Ligand SMILES: Cc1cc2nc3c(=O)[nH]c(=O)nc-3n(C[C@H](O)[C@H](O)[C@H](O)COP(=O)(O)OP(=O)(O)OC[C@H]3O[C@@H](n4cnc5c(N)ncnc54)[C@H](O)[C@@H]3O)c2cc1C
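Numbering (the numbering used here), first residue to last: 1454 to 1608.
Below, the structure written as structure tokens:
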């Protein structure tokens, strides 16, 4: 990207289809979408592109699992749908990443087992890998710094 070239084009051309203010993930995504549909797009930022909140992101695609606890099913379903579509449409950008949730006693294990099963079910045809339970030794082999005391295993 050449700043002076961009400013020169902005000064010499007067007709644009879109002016997008803010070059974070939202603005950049909108600009890319519009430009890829053949529109003439100007994207401006008061500081620098991706200098705001977008520079802090862990870049994980939101799957919405924590909203399950709040009973916000429409949000969870929407997040799972977006996640699935991103995996389908942009496999060059998005790839599955495993997580381990440790469980320390039976009630917690039952709680996670049923919640995550339901979560997998909500994802429907756009689901990725199914949640599976793992033993204490498998959990520790994957996360060696995990405290083994009262550790039952994980998911
Ligand atoms: C620590 C952290 C971790 C996160 N992790 C994740 C994650 O794993 N997954 C996830 O999906 N989300 C995550 N998020 C949330 C995600 O980063 C934000 O939702 C996203 O970056 C917001 O993008 P945005 O384009 O709306 O805003 P921003 O990235 O803040 O972009 C706004 C841009 O607008 C510019 N601007 C503002 N006012 C003006 C103006 N008047 N004129 C011109 N330009 C202006 C700013 O300079 C900035 O560049 C995380 C957030 C944080 C803080």
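From the three backbone atoms N, C-alpha and C, an ideal C-beta is built for every residue, glycine too.
A quick note: this is a predicted structure, and the numbers were derived from the prediction, not measured.
Item	Value
Rounded Cβ spacing between residue 1551 and residue 1606 (contact assumed at less than 8 Å)	Their Cβ separation, rounded to whole angstroms, is 15 Å, which puts residue 1551 and residue 1606 out of contact at 8 Å.
Bounding residues of the alpha helix (DSSP H) (the contiguous stretch that carries residue 1497)	Here residue 1497 belongs to no alpha helix (DSSP H); instead the beta strand (DSSP E) covers 1494–1497.
Exposure label - residue 1537; buried when at least 16 CB within 10 Å	buried
Pair within 8 Å by beta-carbon distance, residue 1581 and residue 1549	yes
Alpha carbon of residue 1477 to alpha carbon of residue 1541, nearest angstrom	23 Å
Exposure label - residue 1480; buried when at least 16 CB within 10 Å	buried
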